[in-house]
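S.K.: In this note's numbering, the protein residues as written are 21 to 354.
Yeah, the Cβ is synthetic: ideal placement off N, Cα and C, and Gly gets one too.
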């Protein structure tokens, strides 16, 4: 029995591969690119493109193998409204379709699948549990929700597919939209918030996502959906205020009228000049906290990382990379 991680060279996948290998498990990483991760010294790599059925069918798979689908197109980089369907659906939906078809042909039936909390859309209840209405606000969430419906058709055939719905995943190696925030802070510029900043903002650590995959395996691949998020997320105002203080910046937090900001961002998006994705800004002033009690109860999983620590660690990584680049430029100039 081996663990096959589709998208295993990516953010969560690479951490999961390293964790499983460290546990002495047989691991195969399948992805479209191969990075320089240290675990490739012992973990084999198989190049694939999930949008190509023949490519997926070429992955060696025995019926007792366990599969993890971490392939995805994310909300970063930002793409225009006109491009979104063709950007998200081939990988997120059709890639999942290809993976499930490949598994069925080989007689394997255990899959850990990642979707997103973006399937929920606007917050109807607080906190949001797994029974919250699913009304995604854009192509990313819609493509991910469609994979959950697809997964259910395979569950009906006897597949075991635990589904994870994470909040914004952060950790070493992925800064994404945070870079814009960090640049404002470094330049001592005002940091605008959509709304008052009194609402909490919840992250989930990449390490906690990897541990959830291990927990699902050890729990026997239960057929259920699980939210993934941190415990006790602080208000946006406190989260950003602590970061500004940590950075020694003179930036101030600037509350803005949420309705007006959203109207402006919607207008820019409508003419294909997006600054943020609608799925991000449309809920930015809402209380969107995931209830993770089901994962804790059924999988024995607990998030180990706090939002405050994750954001400070991300800023430290950003500064380290910036300082290294500047040092390199000085060396070249000399």
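Which whole-angstrom value is the C-beta distance of residue 182 and residue 113, which I expect to be below 8 Å?
M.R.: The Cβ separation is near 19 Å, so there is no contact.
S.K.: To the nearest angstrom, report how far apart residue 76 and residue 70 are at their CA atoms.
M.R.: The alpha-carbon atoms of residue 76 and residue 70 are separated by roughly 6 Å.
S.K.: Within the same chain, show all residues whose beta-carbon is closer than 6 Å to that of residue 212, passing over the 5 residues directly before and after it, in chain order.
M.R.: Scanning its chain for C-beta atoms nearer than 6 Å, with the 5 sequence neighbours on each side dropped, one finds around residue 212 the residues 274 and 276, in chain order.
S.K.: Can you tell me which residues form a DSSP beta bridge with residue 275?
M.R.: 213
S.K.: Could you give the uninterrupted runs of the alpha helix (DSSP H) lying entirely in the segment 239-312, keeping only those of 4 residues or more?
M.R.: 256-267, 278-290 and 298-301, all fully within the segment 239-312.
S.K.: What does residue 23 pair with, by DSSP beta-bridge criteria?
M.R.: 47 and 86
S.K.: If you run the structure through DSSP and keep just helix, strand and coil, what is residue 110?
M.R.: Residue state for residue 110 is assigned as helix, using DSSP reduced to three classes.
S.K.: In angstroms, rounded to a whole number, what distance separates the CA positions of residue 154 and residue 165?
M.R.: 8 Å
S.K.: Can you check whether the CB of residue 197 is closer than 8 Å to the CB of residue 271?
M.R.: no
S.K.: State yes or no: is the C-beta of residue 253 within less than 8 Å of the C-beta of residue 301?
M.R.: no
S.K.: Leaving out five residues on either side along the sequence, give the residues of the same chain with a beta carbon under 8 Å from the beta carbon of residue 178.
M.R.: 129
S.K.: Would you mind working out which of 64, 46 and 339 sits nearest residue 204, comparing C-alpha positions?
M.R.: 339
S.K.: Closest to residue 29 by CA distance: which of 60, 43 and 44 is it?
M.R.: Distance check between residue 29 and each of 60, 43 and 44 places 60 closest, using alpha-carbon atoms only.
S.K.: Using the Cα positions of residue 264 and residue 136, report the straight-line distance between them to the nearest angstrom.
M.R.: 29 Å
S.K.: Could you give the distance in angstroms between the alpha-carbon of residue 323 and the alpha-carbon of residue 279?
M.R.: 33 Å
S.K.: To which residues of the same chain is residue 105 closer than 6 Å at the C-beta, ignoring the five residues directly before and after it?
M.R.: 159
S.K.: Alpha carbon to alpha carbon, how far is residue 348 from residue 149? Give it in angstroms, no decimals.
M.R.: For residue 149 and residue 348, the distance between alpha carbons rounds to 48 Å.
S.K.: Give me the Cα-Cα distance between residue 237 and residue 304, rounded to the nearest whole angstrom.
M.R.: 34 Å
S.K.: Would you mind reading off the limits of the alpha helix (DSSP H) that contains residue 119?
M.R.: 116-126
S.K.: In three-state terms, what does DSSP make of residue 197?
M.R.: coil
S.K.: Exposed or buried, residue 250, counting other C-beta atoms within 10 Å across all chains shown (16 or more means buried)?
M.R.: buried
S.K.: Looking only at C-alpha atoms, which of 80, 234 and 37 sits nearest to residue 320?
M.R.: Residue 234 is the option with its Cα nearest to residue 320.
S.K.: In its own chain, which residues sit with a C-beta less than 7 Å from the C-beta of residue 326, not counting the 5 before and 5 after it?
M.R.: 250
S.K.: With DSSP as the reference, label residue 165 as helix, strand or coil.
M.R.: helix
S.K.: Which two residues bound the contiguous alpha helix (DSSP H) that contains residue 31?
M.R.: 31-42
S.K.: Got a sec, what are the start and stop residues for the beta strand (DSSP E) residue 132 sits in?
M.R.: 131-134
S.K.: Quick check: is the beta carbon of residue 101 nearer than 8 Å to any beta carbon in chain C?
M.R.: In summary, chain C is missing from the structure at hand, where a single protein chain is found.
S.K.: Measure the alpha-carbon distance for residue 94 versus residue 102 and round it to whole angstroms.
M.R.: 16 Å
S.K.: Would you identify the three-state DSSP class for residue 57, choosing helix, strand or coil?
M.R.: In the three-state DSSP reduction, residue 57 falls in the coil class, being neither helix nor strand.
S.K.: Which residue wins for smallest C-alpha separation from residue 171, given the options 242, 80 and 225?
M.R.: 242
S.K.: Using the C-alpha atoms, what's the distance from residue 239 back to residue 299?
M.R.: Straight-line measurement puts the Cα of residue 239 at about 32 Å from the Cα of residue 299.
S.K.: Figure out for me which residue from 207, 36, 256 and 286 has the closest Cα to the Cα of residue 132.
M.R.: Just measuring C-alpha positions, the residue of 207, 36, 256 and 286 sitting nearest residue 132 is 36.
S.K.: Judging by CA-CA distance, which residue of 32, 26, 31 and 168 is the nearest neighbour of residue 48?
M.R.: 26
S.K.: For residue 145, which of 79, 282, 156 and 309 has the nearest alpha-carbon?
M.R.: 309
S.K.: Tell me residue 148's beta-bridge partners as DSSP assigns them.
M.R.: 310
S.K.: Take residue 68 and list the residues in its own chain whose beta-carbon comes closer than 8 Å to its own, dropping the five residues that flank it on each side.
M.R.: 26, 50, 51, 52, 75, 76, 78 and 79
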